[in-house]
Each structure stands twice: as structure tokens, then as C-alpha cells.
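Line by line, the protein sequences give chains B and Y.
Going by the UniProt record's numbering, 127 is the number at position 127 of the first sequence; the sequence numbering is gapless.
Going by the UniProt record's numbering, 59 is the number at position 59 of the second sequence; the sequence numbering is gapless.
Number of protein chains: 2
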Amino acid sequence: MPDEEVVVPKVGIRDVARAAGVSVTTVSHVLNDTPHTRTSEATRDRVRSVARDLGYTPNRLARGLRTRSSDMIGLLTEEIATTPHAGRIILGAQEEASRHNLTLAIINSHLDAGADARRADARALIERQVDGIIYATVFHHEVSVPRELRAVPAVLIGALDRQGVVPAVLPDEASGAADLVALLVGAGHRRIAFADSSIEVPATQGRLVGYLRGLEDAGIPRDDRLIASGESEAAGGYATCLELLDRADRPTAIFCYNDRMAMGAYRAAQELGLRVPDDVSIVGFDDQAPIAASVHPALTTVALPHYEMGAWAVATLTRLIQSSSTSWYRSTHPTLLPCPVVVRESVAPNNK
Amino acid sequence: MPDEEVVVPKVGIRDVARAAGVSVTTVSHVLNDTPHTRTSEATRDRVRSVARDLGYTPNRLARGLRTRSSDMIGLLTEEIATTPHAGRIILGAQEEASRHNLTLAIINSHLDAGADARRADARALIERQVDGIIYATVFHHEVSVPRELRAVPAVLIGALDRQGVVPAVLPDEASGAADLVALLVGAGHRRIAFADSSIEVPATQGRLVGYLRGLEDAGIPRDDRLIASGESEAAGGYATCLELLDRADRPTAIFCYNDRMAMGAYRAAQELGLRVPDDVSIVGFDDQAPIAASVHPALTTVALPHYEMGAWAVATLTRLIQSSSTSWYRSTHPTLLPCPVVVRESVAPNNK
DNA sequence: ACGTTTTGCCAAAACGTTTAATCACAAGTC
DNA sequence: GACTTGTGATTAAACGTTTTGGCAAAACGT
Chain B
1 MPDEEVVVPK VGIRDVARAA GVSVTTVSHV LNDTPHTRTS EATRDRVRSV
51 ARDLGYTPNR LARGLRTRSS DMIGLLTEEI ATTPHAGRII LGAQEEASRH
101 NLTLAIINSH LDAGADARRA DARALIERQV DGIIYATVFH HEVSVPRELR
151 AVPAVLIGAL DRQGVVPAVL PDEASGAADL VALLVGAGHR RIAFADSSIE
201 VPATQGRLVG YLRGLEDAGI PRDDRLIASG ESEAAGGYAT CLELLDRADR
251 PTAIFCYNDR MAMGAYRAAQ ELGLRVPDDV SIVGFDDQAP IAASVHPALT
301 TVALPHYEMG AWAVATLTRL IQSSSTSWYR STHPTLLPCP VVVRESVAPN
351 NK
Chain Y
1 MPDEEVVVPK VGIRDVARAA GVSVTTVSHV LNDTPHTRTS EATRDRVRSV
51 ARDLGYTPNR LARGLRTRSS DMIGLLTEEI ATTPHAGRII LGAQEEASRH
101 NLTLAIINSH LDAGADARRA DARALIERQV DGIIYATVFH HEVSVPRELR
151 AVPAVLIGAL DRQGVVPAVL PDEASGAADL VALLVGAGHR RIAFADSSIE
201 VPATQGRLVG YLRGLEDAGI PRDDRLIASG ESEAAGGYAT CLELLDRADR
251 PTAIFCYNDR MAMGAYRAAQ ELGLRVPDDV SIVGFDDQAP IAASVHPALT
301 TVALPHYEMG AWAVATLTRL IQSSSTSWYR STHPTLLPCP VVVRESVAPN
351 NK
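Okay, structure coming up:
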């Protein structure tokens with residue numbers, strides 16, 4: 001009952017039609033370049049210019065209602081807060097989405113949220129008629145996706161679907177780790193220690209597996225005395241590496257489970273009077289900003305393909321959406337994205 | 001023309017109505033608890049249980065079309081990539097949004113994007129009929145908001161509206177810096193240096209202003225020989241602090257422009273054989289994860305209220321939306337959110 | 001027993017699009 | 001000159017909700 005829109009009288013397709021002296025159908029046709037439809041070049045131009053002059057903005061809600069598709073994709077993230085990495089996933093997803101004229105709707109679940117809360121979040125997205133859903137988790141091995149996700153195409157980031165029906169993408173940590181070992185071997189190192197994380201997550205295994213594979217590829221026998229583990233923080237890295245380095249036959253290089261532990265390794269080396277990289281080479285994993293570039297010497301490490309996983313997710317999602325309702329799919333193996341090693345200054349040739 | 005939805009026959013409000021033996025009107029009324037409407041307790045229960053059994057999910061597009069509101073708010077971010085901080089803004093906004101039953105649609109502009117690209121992004125959100133828009137920038141002093149933002153309530157994060165019409169929120173860097181100085185003064189320090197950033201951004205000024213105010217409050221005269229500047233990275237902090245510390249009358253504490261520079265300060269101190277914090281206290285700014293907690297000794301610093309700004313933004317936006325169309329507002333002063341100092345281990349009493 | 005109020009419910013019109021189905025009319029075709 | 005064919009546009013029916021304005025029946029007051 002209050003006065004209507006004194007501010008900006010929203011202009012709809014009808015207004016354009018009226019101003020251009022055609023029907024709304026025609027306006028819709030020309031503005032969307034609807035195929036199999038005929039309109040003279042003259043009226044096309046007229047409609048377009050009128051639309052521009054009036055400042056027409058289509059109402060995507062209305063369009064979505066009619067076309068049964070929202071051009072939105074939902075990103076369900078699990079604790080974006082804990083890891084700065086998550087930002088890069090969002091960025092990758094966002095940019096790929098923009099490329100397809102889609103927009104991203106984001107909902108964040110707390111890590112400790114129950115299954116019901118998570119399902120409620122999925123429902124919230126589905127109510128919004130998203131065309132697809134990305135479920136991004138911190139690195140879990142397997143997860144059973146809320147069954148509401150079955151209502152709509154979905155992909156998984158950082159986890160495998162227990163039922164094996166939803167496509168998933170993961171970082172190829174093992175290969176990255178193996179490459180890193182190869183780099184060290186190439187620099188002449190043979191006594192390469194591994195400072196592992198003491199808590200068990202899939203990443204742990206991948207990195208350890210890659211470390212061992214790297215050794216094997218180089219024909220270096222495994223030496224369990226060179227493998228130690230600690231809390232996956234700077235303090236843990238310090239303690240672990242202190243122990244590894246404080247021996248007569250100390251390693252010439254240490255592969256740390258992550259960059260934070262590598263920071264601890266730097267300190268351990270320093271306290272023992274060892275210089276990095278001259279006396280001992282140190283490498284990390286994660287390429288965690290801003291650590292890796294800020295420590296001295298700058299840390300050689302392995303980057304995780306967060307951006308790429310985000311982009312991959314919306315790319316395959318759009319493929320799924322297009323092929324949807326005709327062919328259905330069963331996800332075979334998860335997609336593994338490469339983890340490139342980024343070379344900085346913490347590795348030196350082993351001249352011993 | 002392919003077979004219709006063999007998978008999941010979407011259930012709409014009509015299906016619920018039919019199954020419950022009532023009209024869609026009634027279903028709508030009970031499901032929304034529409035006020036000033038009368039329905040017997042019996043039918044209410046029946047409708048609700050039928051809806052649950054059928055697994056009814058309302059179509060928010062349709063609802064939005066009718067109610068002229070989408071319950072979505074758009075977050076326009078400028079280069080979420082560069083700063084890990086951005087993630088916390090998103091998180092704060094997201095959680096506050098969830099609290100109000102809103103969902104966040106995110107679009108990211110590149111920092112180097114032109115004004116047109118930025119306006120296109122704003123339009124994309126408006127087409128989606130978002131109820132409001134948050135424009136989050138990296139810390140700029142003033143910005144002229146795309147005029148499409150006038151079509152809908154908007155708030156600014158990290159910048160001021162040049163026209164002074166859009167409410168804005170900023171971190172109160174000056175007070176945070178002053179508090180930090182007060183902490184140092186309280187520990188007995190009087191020769192407190194400031195390692196400034198050499199590039200000019202609003203944050204620079206705020207922190208410097210706060211530093212000076214802190215000194216003044218303590219009755220310590222300003223000494224320009226204690227103020228130096230360098231690149232706002234670890235390397236710059238190293239160079240700057242090396243110079244500050246390598247004097248006979250060296251400061252007993254250094255306030256670094258940010259945590260990365262503080263990392264450099266640690267290295268400078270170490271190379272000069274000075275222990276932190278025993279020989280020199282060092283503080284930073286930003287509370288940047290994971291640096292601040294990972295360095296040794298852990299860094300005392302000031303946290304930026306990113307989460308809080310995100311939450312503030314959607315909170316005031318919802319207020320704006322509710323009061324909209326009735327009262328219009330003119331933003332007075334920007335809101336300043338406190339930057340709490342977080343005490344760790346890099347400050348020691350000055351016993352000299 | 002008769003008006004009046006209250007209670008419980010419903011029909012139908014929006015909301016702004018897209019799209020299937022037609023339609024008028026001019027131009028070819030034999 | 002009667003048929004077909006092509007061209008450029010239109011009419012009207014969706015899409016799934018909310019909401020306005022009523023209407024019948026039950027309850028109530030006298």
C-alpha cells in the first residue's frame with residue numbers, strides 16, 4: 001500500500017516490447033538469439049537499442065522459473081576457515097563459473113556439523129534450484145554424500161564418494177612427493193629423511209608413499225631410521241628434525257610433511273649450527289602462502305592444485321549438467337591433479 | 001522430448017495440496033505461518049506431515065518471483081586471491097547470512113579489471129535479484145561505487161564511498177597500533193622503532209598514526225631516526241631492521257608494519273646475535289596465519305577484524321533492506337571495527 | 001429463529017520470463 | 001487463379017509460488 005517504487009521503476013521485458021512496438025515474444029527472441037526463429041534485421045536492431053536505452057535487466061528468477069534452470073552452481077564447503085587454501089578453491093571455481101556465465105552460491109558447513117546440518121545446507125542450495133553442487137571437503141578419504149545431493153549433478157573435491165557414484169578430484173600428492181625426492185636425488189642427496197605428520201590423514205599416506213616411491217625409483221634402500229614423525233606444526237617440525245639432525249650420520253636432506261614443519265626444521269638446523277641449504281637441504285609441502293616465500297632461504301616445496309581443483313569441479317559439473325537426463329554416469333576413478341614442485345633456494349647440491 | 005524426469009518427480013506445492021486434500025493457498029499459509037490467516041490445528045498438522053512425507057522442497061525462484069525478493073545477498077570481492085584474509089571476510093559474511101536465512105552469491109573481480117567489468121559484475125548480481133550487495137575491496141581509501149549498486153542496498157568493506165552515500169566498515173588500524181605501542185610501553189620500552197612499509201596505502205597511514213599516537217599518549221617524544229621503511233615483505237623487514245638494530249643506541253623494541261616484515265626482523269636480530277625477545281622485542285600487525293603462530297618465538301601482533309567486517313556487512317545490509325523503501329539513509333561516518341592485539345611471546349620486559 | 005460474527009478454507013490473479021502453436025500476408029509455383 | 005511455401009510477427013499457456021478478496025458453514029447473541 002505504500003507508494004510504488006518512486007526510486008527506480010524497474011523495467012521489464014514488457015516495457016521494452018511496448019517501447020519498441022513489438023510483442024514480448026519478439027523481444028525475448030532477439031535478446032536471446034533464440035535459434036529457429038525469424039526476425040527482420042530492422043526490428044532486431046530496434047529492440048536491442050530500445051532495451052539498452054531503457055536499461056533493461058532481465059529477471060533471472062523469472063527466467064529460471066520458466067526454463068527450470070538457474071545458472072547457479074552451489075559450493076558446499078567444509079570449514080573454509082581452517083585452511084587458507086580454501087580461498088583458492090573458491091577462486092578457481094568462481095573464475096571458471098564466470099567463464100560459463102554461471103554464478104556461485106556458497107554455503108559453509110562447520111567441520112563439527114552433524115550430517116543433518118550438512119543435509120540442510122544441501123537442501124538450501126537445492127531450494128534455490130542450483131544446476132549442480134560442488135562438495136568440497138578438507139582432505140578425507142571417503143565420505144558418504146548427503147543423499148539430497150543425488151537430486152542434482154554433483155562433484156566432490158578432496159574426497160571420494162563411498163558409493164562411487166559422484167565424480168571426485170584429488171591432488172596427486174604421491175607423485176608430487178616423488179618428484180620432490182627426485183629433485184633431491186638429482187642434487188646428489190642419498191640420505192634423505194622424512195619428517196612425517198603423526199596424525200593420520202590421507203595426505204599423510206600420499207606423501208609418505210611418494211617419498212618411498214621416489215627413493216625406490218632412485219634405487220635408494222629404505223631406511224626407517226630416517227623416518228620420524230611429529231605434530232604437523234612448526235613446533236613438531238622443530239622437535240622431529242632436531243632429533244633427525246643431531247646424529248653422527250645425519251641426513252643431508254629433510255623432506256618435511258608440510259611447510260609449517262619445514263619452518264621448525266629451519267630452526268632446528270640453526271640451533272645445531274647447520275646452515276640451510278649448505279649443510280642440510282630442506283623441502284616442504286603445500287607451498288603455503290606466505291610462509292614458503294618468506295622464510296630464509298626461500299623454501300623449495302610442492303604446490304597443491306587448489307585453484308585447479310575448483311576450476312575442474314565447475315568444468316566437469318557443466319559437462320554433467322549438459323549431458324544430464326540423457327546419459328547417466330558412474331564415476332570410475334577419481335581425477336588426480338598434479339602437484340607441481342616449486343623450486344626456491346632451500347636445496348643445494350650435496351658435495352659430500 | 002526425452003522422457004520426463006524418470007529419476008525424481010519433483011514435488012511442488014500442488015502435489016502437497018492434492019495429497020492433503022486442501023488448496024495450495026492453505027498449504028502456503030501453513031508452511032509459511034502466514035500471519036492473519038486461519039487454519040485449524042488439525043489441517044495444519046496434516047499439511048505439515050504430508051509435506052514432510054512427500055519431501056516437499058519449495059522452489060525459491062518461484063517464491064522470489066512473487067515476493068520480489070530473493071533472500072540472496074551478493075558479495076562482490078576484489079581479488080580474493082591476493083590475500084588469505086579475504087577468506088575470513090567471506091566466512092563472516094556467510095555465517096551471518098546463514099543466521100538470517102540468506103545465501104551468499106559471490107563474484108570476484110580482478111584487481112586490474114576496468115570499471116566496466118566491475119559494473120558488469122554488479123549487474124550480474126542484480127539480474128539475480130539479490131536483496132543487497134556487499135562490495136569488498138582491498139584496502140582503498142575512497143572508491144566510487146558502480147552506479148548500478150544504487151539500484152539496491154549496498155555496503156562497502158575496506159573503502160569509503162566517494163559520494164558518501166554507501167555505509168562502509170573499516171578496521172581501526174590506528175587504535176590497534178596505539179594499543180600495541182601501549183603494550184610495549186607497559187613492558188618498559190621507550191626506544192620503540194617503527195619499520196614502515198614504503199608503499200603508500202591507507203593502512204600505512206593508520207598504523208603510523210597509531211604508532212605516533214601511542215608514543216604521545218606515553219609522553220615519549222617522537223624520534224624520526226627510529227622510523228624507517230622498506231618493502232612490506234620479509235626481505236624488506238630484514239633490510240630495514242638490520243639498519244635499525246645495527247647501531248650503538250639501538251631500539252629495545254621494533255614495531256613492524258606487518259607480520260611478514262616481522263619475520264625479516266627476526267632474521268636481522270638473529271644475524272646480529274640478538275635474541276628475541278630478550279635483547280629486542282618485536283611486534284607485527286595482521287596476525288597473518290600461519291606466520292604469527294609459527295615463528296619462534298611466537299609473534300605478538302594485532303589481528304584484523306576480517307570476519308567481523310564480513311558479518312557486520314550482512315548485518316547492516318539486512319537492516320537496510322528491512323527499512324528500505326520507507327526511510328532512505330545517508331551514510332555518516334564509516335564504522336571502525338577494533339583490531340585486538342594478540343599477545344604471544346615476542347615481547348619481554350625492558351630491564352635496561 | 002434470525003442476524004451477526006467468527007472460523008476455516010479456497011479461486012484466481014499476479015510475478016517476469018520462455019516457448020509451442022498460430023496467423024497474416026507476400027511471394028512462388030503450376 | 002488456386003495452392004503451396006516462406007517470412008515476420010503474435011497469442012496464450014506454462015513455470016511454482018504468494019496474496020487478495022471472498023464465501024460457506026459454524027458459532028454466537030438475543
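We put the beta carbon where it would ideally sit given N, CA and C, even for glycine.
Report yes if the C-beta distance between residue i and residue j is below 8 Å; otherwise report no.
| i | j | result |
| --- | --- | --- |
| glycine 214 (chain Y) | alanine 182 (chain Y) | yes |
| cysteine 256 (chain Y) | alanine 303 (chain Y) | no |
| valine 185 (chain Y) | alanine 159 (chain Y) | no |
| histidine 306 (chain Y) | isoleucine 89 (chain Y) | yes |
| leucine 156 (chain B) | alanine 193 (chain B) | no |
| arginine 44 (chain Y) | arginine 128 (chain B) | no |
| glycine 188 (chain B) | asparagine 350 (chain B) | yes |
| valine 50 (chain B) | alanine 19 (chain B) | yes |
| leucine 104 (chain B) | alanine 86 (chain B) | no |
| leucine 299 (chain B) | aspartate 259 (chain B) | yes |
| leucine 272 (chain Y) | leucine 245 (chain Y) | yes |
| isoleucine 220 (chain B) | methionine 263 (chain B) | no |
| valine 24 (chain Y) | arginine 48 (chain Y) | no |
| proline 153 (chain Y) | isoleucine 282 (chain Y) | no |
| valine 138 (chain Y) | threonine 83 (chain Y) | yes |
Taking Cβ-Cβ distances shorter than 9 Å, what residues in chain B pair up with residue i?
| i | result |
| --- | --- |
| arginine 250 (chain Y) | What arginine 250 (chain Y) touches in chain B: nothing, since even the nearest Cβ is about 21 Å away. |
| leucine 317 (chain Y) | Within chain B, no residue comes near leucine 317 (chain Y); the closest Cβ sits about 16 Å away, beyond 9 Å. |
Can you say whether residue i is buried or exposed, counting buried as having 16 or more other CB atoms within 10 angstroms of its CB?
| i | result |
| --- | --- |
| serine 327 (chain Y) | A caution first: serine 327 (chain Y) carries a pLDDT of 49, below 50, which makes its placement in the model unreliable, though a value can still be read off. Serine 327 (chain Y) is exposed by the Cβ-count criterion. |
| serine 346 (chain B) | buried |
| glutamate 173 (chain Y) | buried |
| proline 35 (chain Y) | exposed |
| histidine 333 (chain Y) | exposed |
| valine 16 (chain Y) | buried |
| threonine 37 (chain Y) | exposed |
| serine 198 (chain B) | exposed |
| arginine 68 (chain Y) | exposed |
Measure from the C-beta of residue i to each C-beta in chain B and report whether the shortest distance is under 8 Å.
| i | result |
| --- | --- |
| arginine 99 (chain Y) | no |
| leucine 65 (chain Y) | yes |
| serine 175 (chain Y) | no |
| serine 49 (chain Y) | no |
| serine 28 (chain Y) | no |
| serine 70 (chain Y) | yes |
| arginine 119 (chain Y) | no |
| glutamine 94 (chain Y) | yes |
When the cut-off is 8 Å and only beta carbons count, does residue i lie next to chain Y?
| i | result |
| --- | --- |
| serine 327 (chain B) | Because serine 327 (chain B) sits at a pLDDT of 49, beneath the cut-off of 50, its placement in the model cannot be relied upon, and the following sentence gives the value as read from the coordinates. Serine 327 (chain B) does not count as touching chain Y. |
| methionine 1 (chain B) | Low confidence applies here, because methionine 1 (chain B) scores a pLDDT of 31, under 50, leaving its location unreliable; read the following figure in that light. Judged by the 8 Å Cβ criterion, methionine 1 (chain B) is not in contact with chain Y. |
| glutamine 322 (chain B) | no |
| proline 290 (chain B) | yes |
| threonine 137 (chain B) | no |
| residue 354 (chain B) | Missing from the structure shown is residue 354 (chain B); chain B here goes from 1 to 352 and no further. |
| isoleucine 106 (chain B) | yes |
| glutamine 163 (chain B) | no |
| valine 347 (chain B) | no |
Mind listing the chain B neighbours of residue i? Cutoff is C-beta to C-beta under 7 Å, in chain order.
| i | result |
| --- | --- |
| arginine 123 (chain Y) | Thr57 |
| arginine 147 (chain Y) | In chain order: nothing, as chain B lies at least about 11 Å away. |
Quick one: list the residues of chain Y neighbouring residue i, beta-carbon separation under 9 Å, in chain order.
| i | result |
| --- | --- |
| histidine 296 (chain B) | Ala234, Ala235, Tyr238, Met263, Gly264 and Arg267 |
| serine 197 (chain B) | Under the 9 Å cutoff, chain Y gives no residues; its nearest Cβ is about 15 Å from serine 197 (chain B). |
Which residues of chain Y have a Cβ atom closer than 7 Å to the Cβ of residue i, listed in chain order?
| i | result |
| --- | --- |
| proline 84 (chain B) | Pro84, Gly87 and Ala289 |
Using a Cβ cut-off of 8 Å, pull out every chain Y residue sitting near residue i, in sequence order please.
| i | result |
| --- | --- |
| arginine 60 (chain B) | Glu127, Arg128 and Gln129 |
With hydrogens ignored, establish whether the beta-carbon of residue i is closer than 7 Å to any heavy atom of the ligand FMN.
| i | result |
| --- | --- |
| alanine 228 (chain Y) | This structure does not include the ligand FMN; it has no bound ligands of any sort. |
Along chain B, in chain order, which residues have C-beta atoms closer than 8 Å to that of residue i?
| i | result |
| --- | --- |
| arginine 260 (chain Y) | Pro290 and Ser294 |
- Message: Does the region 233-246 of chain Y come into contact with the region 202-212 of chain Y, if we say contact requires no fewer than three beta-carbon pairs (one atom in each stretch) closer than 8 Å?
- Response: no
- Message: Whether or not the region 118-137 of chain Y and the region 313-324 of chain Y are in contact is what I'm after, with contact meaning three or more pairs of Cβ atoms, one per stretch, closer than 8 Å; do they touch?
- Response: yes
- Message: Quick test of the definition: if touching needs 3 or more C-beta pairs under 8 Å, does the region 102-113 of chain B touch the region 69-79 of chain B?
- Response: yes
- Message: Within 8 Å, do at least three Cβ pairs link the region 146-154 of chain B to the region 112-121 of chain B?
- Response: Three or more Cβ pairs drawn from the region 112-121 of chain B and the region 146-154 of chain B lie within less than 8 Å of each other, which places the two stretches in contact.
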